[in-house]
Structure formats: structure tokens, C-alpha cells
Amino acid sequence: MLPERVIRLCLFCFVESQKTERRMNGSQLSTWAQRLRTTASQWLGRCRGWVARTASTTPSEPISLASLTAYTGFFTAGKHRQVADLRQRFLGSQLEIESLGTQLERNFLTIGSHLDQLSEASDRLLASSESLAHLAVGEHASQSVLATATHALQTALEENLSQEAASQQFALTLASHLEEIAQARRHEATLRSCVAPLKPIQTLFRVSAAGLESDAQGTYSSLAREIEQLNQQVTALLAQQFQGLADYHGRIGQLVKRLHDTHHSHEHALAEHTRQLTGSLDAMHTALTQSQGRDLRLKAAARACHDQVGQLVMAMQFQDITRQKLQHVETAFRRLAESLEDRSFDTARAADLHATATVQLAQLGTVEHELRDAEAKMTLAIARLRERVEELTAESVQMRQVPTLVGSDHGVVAGLLVSFDRLRQLVASNAALRTEAHQTLDPLAGLAANVTGAMREISRRIKLIALNAEIQAVQTSKGTGLEVLSQHTCQISDEVAQLSTRAAVDLDVLIARFTALLTSCRALHEQSAAQQAWLAGEGERLEAQLVEFRNAGEAQLGSVPVMGTALLEKLLTTRTELTFCEPAAAAFAALREPLTELAKLTEHARHTVPPAGGLTEELQSQYTMASEHVTLATALGGAAAPVPAAAAAGTVELF
């Protein structure tokens, strides 16, 4: 190609010097024109010698300017054949570009599918890791499970301690009232001694009335029968009411003993319960303290894995860039093939074709470089992701060293569940004992009231008998001795009345005190019932949360390493698919060949500015990415042209 260029240049310089001489009409040529003509003549002489040697002619044979011009036609015909061949190659290269695009698209789809699976696995791993991190600090389902359960247990224990103190005070008060019941029982002996004289008075009434008239005898016989009935009622009262007091005295004594014994056992149970709960709380605080650092590292490792996968997914955006750039190259090849239908090569057109070939070579190089760069960066990202996953797996394995929170046998959760069971047993025991106390004390007030009423009724009836006897004694004659019996009956009535009054006072005090005790017992019973209701509702809900927390912890402790291993396997599979550059290298090399040949064919016009509106400018107008405009400007060796707004907006940074 060099001889052709030299011949063309020499012919051009010689012809231009002749034109200049003719324009000046034989005037003296300028120094520059003379030098141009001299230099052109010298080079034409050299060219004649070269042509002669090439054509196997003798160097001495003269070669005219016409023969030189004819010889250049030899080169022109060769160029026409070369251009026709290039046109066919550019047409065929469009299929190669399409095949390359299809191959890359297939690889991109495969990698994209793997990355989607990686993203889903990463999301699951992140969720599981964050769940494990929350479990490590006692949280589950956005709730502080351990803190809530321990606070509830502490509150329940404090209430039980307060109730136990009240129950002990109740037992002491009840024991102090046993003497008052014994005092009320002593009225039985006094009442017996008071009514004992009624029996002989009954006999005396019958004996004294024997000498009286039949009507008077009937009246006194009636009084005797009333006294007999009264004696029977007194016997029944003593046998029933006071015996009831005696029975209740024994039952209350037994209740007091059970209250004291239960208090000691409950006090010991509460102390042990409190000790165990305190131990669980200490273990929980220790575990939480140990877990805080691991929690931060676990979250950081999980987030790093997730972010790394996100970068990999974002990196796949380069496939759209590659696809668009290959489409633009395909368009350029088609337009080059169309342009090469015209085989004339003036300088401007050659410059346009040379610039287009140079730009497309640069664009192909940029696409291949971006593919290799993307493959390298994605490979590095996968390697980093592998490190992050291994770090996350190691952190999750270390979490197993802190099983205190979720351990099935000896963990905090197990201790809290045991505390709930013991609290339930304690509350049930208290409720049963307080129910018994309530049932024991409830009839006592009524029994005491019955005793008081019965004694007052006896006093009233004795008083009536005494009045009847006194009236009958007045109606009959004096000296019968009935007056003395009537007076004696009245004395007995007064004594029984006084005894009834004293007994009523004592029993009323006893009733008042036992009513107060019954109120206290009822309050304790209601507190136990409220605690049982709380345990049946809120307590069971908290226990269910603890069980769910424990199960979730055990599941997450095992799932994170499994998920990490699965993610590592998926990473290995994805890494094997990141080989799209090597198979595409041959296609890129084949696409460069016609462009390189066209650039050499038009090398003589490389320093000529492509014409406005030419193929180079036409293809430039189709570029939609800033990087394409930068590549174009760099390939042409000039400053970068202003990037269109649409292209600037479509710029995508990889990694």
C-alpha cells in the first residue's frame, strides 16, 4: 500500500505545481511553489524506478506520467475487489453479532436466574439471622418475651409474698379468737347450773297442787309440763348448739394448725422459688450480655451478605449496557455494508469510513473490556460473599455456645416455665386452704347467733312460767307454799336472763370478730381466685410465648448454618457460570478483522476530518450512553463532545 500512497502524493504535488504555474501565466513562481515542484519531480523520478523494477523493466526505460497514472489504476481495481469482499464480510458479521448477543443473553439469563435464587436465599438467611439475633437478646415477634415473662413472675411472686404475710396474720388472729370460743362454751355449765333447780320445782308444783281444787291443779300441772318441756329444750340446746361450738372450736384449731404448717411450707417454697427466679434472671442477664456482642456481629455479617448479593444483582445491569452497545455495533456494520456498495473513495468518504471503523473497533474493545471487568468484579464479589457467608455461619455456630436462653433442659426459658408451674401449684394450694377457711368460718357467726337467741328464748319462757306461777299463787289462798315456788322460779328466770345477757354480749363480740375474720378470709380467697384466673389467662399466654420462643431459638440455631451451607453451594454453582468472556473472545476477534482491514484501507485519510452528516455523525447520533460518547471521542483523538441529556441520564455505573 505504501507505493500507491507515494505515487498518489507525488502526482498530486506535481499536478498542483503545474496548476499554480498556469495560473501565474509564466510569472516567477514563489519559493514555496518552486520547492514543491522540485520535490514532486524528485519523488516522481523515484517512483518511475520503483514501477520499472516492479514491472520487470529495466531501470533505464523511461516511464511517463501517463504510465504512472495507469499504474495507479491497478491499485484502484484491487481496492474495488477488497471493498466488495469487506462488504460481504460486514454483512456476515451481523449474524456473528446476533449469535454473540444470543450467546451472551443465554449466559446472562442463567446467571440472572442464579442471582435471583441467591437473592432469595440471602433474604431468607438475613431474616433467619436477624431472628436469631433477636432471640439472643430475648425478643421474638417484636416482643420482649423474656423480659415480659420475668416481670410478670416477679409481680406474681411479690403478690404471693404479700398474701402469705396476710394469711399468716389471719392465722394468728384466728388462733387468738379460740379462747373467745372457749369462753362462750363455758356458758353451758353456768346455764346448766341455773336451770337445774327447775326440776325439783316442777315436782314441788305437782305436790303442792295436790290438795287444791281441780282447776288450780290443772293450772299447776300445766306449769309443771311447761317446766318439763323447758328442761327438754335446754338439754337439746346444750346438746346441739354448744356442742356445735365445741365442734367448731376443734375444727378452727385444726385450721389454725394447717394455716401455720402451710405458711411454713409456702414460705420455704416462695424462698426457693424466688431464689430460682433470681438465678434465672442472673443467667439471663449474663447470656444477654454475652449475646450483645455476638448479636451485633451476627447482624453485621448477615447485612454484609445481603448487601453483597444486592451488589451482584445490581451488577447484572451491565447486560443491558452490553446488549445496547452490541446493537449499536450491529447497526454500524449494516450501515458500513450499505456504504461500501459505492466503491468510489474520495478523501472525505475515506475519512468517514476510517473514523467509523476506528470508533467501532474502540466500541468493541470497550464492550469486551466491560465484560471482562464485570466478570472479574462479579467473581471477586462472589469470593467476598463467600467470606461473608462463612463469617455468618461461624457467628451462628458461636451462638450455640450461649444456649442459656433457649436450651431445652437448663436454659432460662426452662427455668421460667418451671417457675410458672410452681407458682400455679402454690396458688392452687393457697386457694384450696382459703376456701376451706371460708367454709369453716362462714357458719360460725350464725351458730353463735343461734346460741344467743336460744338462751334469750329460754330466759323469756322461764320468766313466763314464773309469772304464771305467781299469778296462780295470788289467786289461790296463801299458805299453800306456791308463792315460795313462784318466787324461786322468778329468781331462776332472773339468773337465766342475766346469764343470757352476758352470753349474748360475749357471743356478739365473737360474732363481730369472726365476721371481720370472714371478710379477711373472703378477701384472701378472692385474691387466690384472681391469681388463678390470671394464670389461666395471661399466664398460659406467657407460657405459650416462652415455648414458642424456645422452639424458634432451637430452630434458628440449626437453620442459619444450613442456610449458609446452601448459599455457599449456590455461590459455587453461580461461579461456574461466570465464564461468558472466554467464549466471546473469538467472536470479538472475528468482528475486529473487517474493521481493522477497513481502517487500513482508508489509512491515508486518517487525518482528514469526517464530513458533516456522514456515517460517523449518523452513528454518533444513535448513541444513548455517556460511555459510548466518551469512547467515540477517545477513538477519534479529540475532546469529548457534549453528552446528550438522554445519554447522560442513561449512564449506569457498574459496582
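Be aware that the sequence shown starts at 110, since it is given in the numbering used here, and climbs by one per residue.
Virtual Cβ for every residue (Gly too), placed ideally from N, Cα, C.
From a predicted model like this one, the values you see are computed outputs, not experimental measurements.
query = In three-state terms, what does DSSP make of HIS634?
reply = By 1-based counting over the sequence shown, the position of residue 634 is 525. If DSSP states are grouped into helix, strand and coil, HIS634 belongs with the helices.
inquiry  = Please state whether the Cβ-Cβ distance between THR683 and LEU227 is less than 8 Å.
reply    = In the sequence shown, counting from the first residue as 1, residue 683 sits at position 574. In the sequence shown, counting from the first residue as 1, residue 227 sits at position 118. Against a cut-off of 8 Å, the Cβ pair of LEU227 and THR683 comes out as a contact.
task = Spell out the partners DSSP gives GLN794 in its beta bridges.
result = Residue 794 cannot be examined here, being either before or after the span of the chain that is shown, 110 to 764.
Rounded straight-line distance, which links the Cα of GLN363 to that of HIS547 = The residue given as residue 547 occupies position 438 in the sequence shown. The residue given as residue 363 occupies position 254 in the sequence shown. When rounded, the distance between both Cα atoms is 14 Å.
query = Near THR440, what residues of its chain come up, given a Cβ to Cβ distance below 8 Å and the 5 sequence neighbours on each side ignored?
reply = For the purposes of this step, residue 440 is identified with residue 331 of the sequence shown, where counting begins at 1. Counting only Cβ-Cβ distances below 8 Å, and skipping sequence neighbours, we find LEU728, GLN731.
query = If you compare alpha carbons, which of ARG533, LEU619, ALA523 is closest to THR561?
reply = For the purposes of this step, residue 561 is identified with residue 452 of the sequence shown, where counting begins at 1. For the residues ARG533, LEU619, ALA523, the minimum Cα distance to THR561 belongs to LEU619.
task = Report the rounded CA-to-CA distance for GLY722 versus ASP461, giving the unit in angstroms.
result = As a first step, residue 722 must be located in the sequence shown, where it is residue number 613. As a first step, residue 461 must be located in the sequence shown, where it is residue number 352. Their backbone Cα atoms lie some 10 Å apart in a straight line.
Exposed unless 16 or more other CB atoms sit within 10 angstroms - verdict on ARG162 = On the sequence shown, position 53 is the one that residue 162 refers to. Because ARG162 sits at a pLDDT of 49, beneath the cut-off of 50, its placement in the model cannot be relied upon, and the point is left open.
message = Can you confirm whether the stretch 702-721 touches the stretch 197-208 when touching is taken to mean that 3 or more C-beta pairs between the two stretches lie within less than 8 Å?
response = yes
query = For the candidate residues GLY524, ARG631, LEU473, whose alpha-carbon lies nearest to that of THR740?
reply = Here residue 740 corresponds to residue number 631 of the sequence shown, with the count starting at 1. The shortest C-alpha separation from THR740 is found at LEU473.
key: LEU347 beta carbon less than 8 Å from that of ARG294   = In the sequence shown, the residue the question calls residue 294 occupies position 185. In the sequence shown, the residue the question calls residue 347 occupies position 238. Cβ distance not < 8 Å, so ARG294 and LEU347 don't count as in contact.
query = Thinking C-beta only, is GLU205 closer than 8 Å to ALA696?
reply = As a first step, residue 696 must be located in the sequence shown, where it is residue number 587. As a first step, residue 205 must be located in the sequence shown, where it is residue number 96. Yes, they are a contact pair.
request  = State whether the stretch 334-341 contacts the stretch 310-319, with contact taken as three or more CB pairs (one from each stretch) at a distance under 8 Å.
outcome  = yes
ask   = alpha helix (DSSP H) containing HIS296: first to last residue?
value = By 1-based counting over the sequence shown, the position of residue 296 is 187. Its alpha helix (DSSP H) spans residues 287-304.
key: Residue nearest to LEU655 in terms of C-alpha spacing, selected from HIS358, VAL254, LEU594   = Numbered from 1 along the sequence shown, position 546 holds the residue referred to as residue 655. Nearest of HIS358, VAL254, LEU594 to LEU655, Cα basis: VAL254.
query = Considering only residues of the same chain and omitting the five flanking positions on each side of LEU445, which have a CB-CB separation below 6 Å?
reply = In the sequence shown, residue 445 corresponds to position 336, counting from 1. Only PHE199 meet the Cβ criterion.
message = Does THR717 come out as helix, strand or coil in the three-state DSSP assignment?
response = Your numbering for residue 717 matches position 608 in the sequence shown. The answer is coil: DSSP assigns THR717 none of H, G, I, E or B.
message = Can you look up GLN426 in the DSSP assignment and give me helix, strand or coil?
response = The residue labelled residue 426 in the question sits at position 317 within the sequence shown. GLN426: coil per DSSP, three-state reduction.
ask   = Do you know offhand how far ALA485's Cα is from GLY746's?
value = On the sequence shown, residue 485 is found 376 positions in, with the first residue counted as 1. On the sequence shown, residue 746 is found 637 positions in, with the first residue counted as 1. So the alpha carbons of these two residues sit roughly 29 Å apart.
request  = Take the Cβ of ARG497 as the centre, count every other Cβ of all protein chains shown within 10 Å, and call the residue buried at 16 or more, exposed below.
outcome  = Numbered from 1 along the sequence shown, position 388 holds the residue referred to as residue 497. Buried, since its Cβ has 16 or more Cβ neighbours within 10 Å.
key: Inter-residue Cα distance where the pair is LEU616 and THR598   = The residue labelled residue 616 in the question sits at position 507 within the sequence shown. The residue labelled residue 598 in the question sits at position 489 within the sequence shown. Roughly 26 Å separates the two Cα atoms.
query = Where do the ends of the alpha helix (DSSP H) carrying SER730 lie?
reply = Stepping through the sequence shown from its first residue, residue 730 is reached at position 621. No alpha helix (DSSP H) holds SER730; DSSP gives it neither H nor E.
message = I need the straight-line Cα distance from SER668 to SER237, nearest angstrom please.
response = Walking along the sequence shown from the start, residue 668 turns up at place 559. Walking along the sequence shown from the start, residue 237 turns up at place 128. Roughly 7 Å between the two C-alpha positions.
query = Where do the N-terminal and C-terminal ends of the alpha helix (DSSP H) with ALA319 fall, by residue?
reply = In the sequence shown, counting from the first residue as 1, residue 319 sits at position 210. Counting along the chain, ALA319 falls outside any alpha helix (DSSP H), and DSSP gives it neither H nor E.
Whole-Å CB distance - LEU339 paired with LEU307, under 8 Å assumed = In the sequence shown, counting from the first residue as 1, residue 339 sits at position 230. In the sequence shown, counting from the first residue as 1, residue 307 sits at position 198. About 7 Å separates the two Cβ atoms, so the contact holds.
message = Let's test the definition: count the other Cβ atoms within 10 Å of the Cβ of VAL343 and tell me whether it reaches 16, buried, or not, exposed.
response = If you number the sequence shown from 1, residue 343 lands on position 234. So VAL343 ends up on the buried side.
key: Per-residue burial, ARG543 [other beta carbons within 10 Å of its own, 16 or more giving buried]   = Counting from 1 along the sequence shown, the entry for residue 543 is found at position 434. Label assigned to ARG543: buried.
task = Might you give, ordered along the chain, the residues of its own chain that have their beta carbon closer than 6 Å to the beta carbon of ASN539, omitting 5 neighbours on each side?
result = Numbered from 1 along the sequence shown, position 430 holds the residue referred to as residue 539. Answer for ASN539: SER637, listed in chain order.
inquiry  = Measuring only the C-alpha atoms, how far is GLY646 from ARG360?
reply    = The residue labelled residue 646 in the question sits at position 537 within the sequence shown. The residue labelled residue 360 in the question sits at position 251 within the sequence shown. Each residue's Cα considered, the two are about 35 Å apart.
query = Hey, would you say PHE623 sits closer than 8 Å to HIS286, going by beta carbons?
reply = Counting from 1 along the sequence shown, the entry for residue 623 is found at position 514. Counting from 1 along the sequence shown, the entry for residue 286 is found at position 177. Yes; because the gap between Cβ atoms is below 8 Å, this pair is in contact.
task = Locate the alpha helix (DSSP H) running through MET672, then write down its first and last residues.
result = One-based indexing of the sequence shown puts residue 672 at position 563. Taken as a continuous stretch (DSSP letters only), the alpha helix (DSSP H) holding MET672 covers 649-686.
query = Which value, in whole angstroms, describes the spacing of the CA atoms of HIS382 and GLU663?
reply = Here residue 382 is taken as the residue at index 273 of the sequence shown, counted from 1. Here residue 663 is taken as the residue at index 554 of the sequence shown, counted from 1. Each residue's alpha carbon lies about 26 Å from the other.
message = Within the continuous alpha helix (DSSP H) that includes THR711, where are the two ends?
response = To locate residue 711, count along the sequence shown from 1; it is residue 602. Per DSSP, THR711 belongs to no alpha helix (DSSP H) and is neither H nor E.
Expected contact under 8 Å - CB spacing of SER568 and GLU579 to nearest Å = On the sequence shown, residue 568 is found 459 positions in, with the first residue counted as 1. On the sequence shown, residue 579 is found 470 positions in, with the first residue counted as 1. Contact flag wrong, Cβ pair sits at about 16 Å.
task = Using three-state DSSP, classify MET564 as helix, strand or coil.
result = Numbered from its first residue, the sequence shown carries residue 564 at position 455. Note: MET564 maps to helix in three-state DSSP.
message = Can you tell me whether LEU681 is buried or exposed? The criterion is at least 16 other CB atoms within 10 Å of its CB, across all chains shown.
response = In the sequence shown, residue 681 corresponds to position 572, counting from 1. With fewer than 16 Cβ atoms within 10 Å of its Cβ, LEU681 is classed as exposed.
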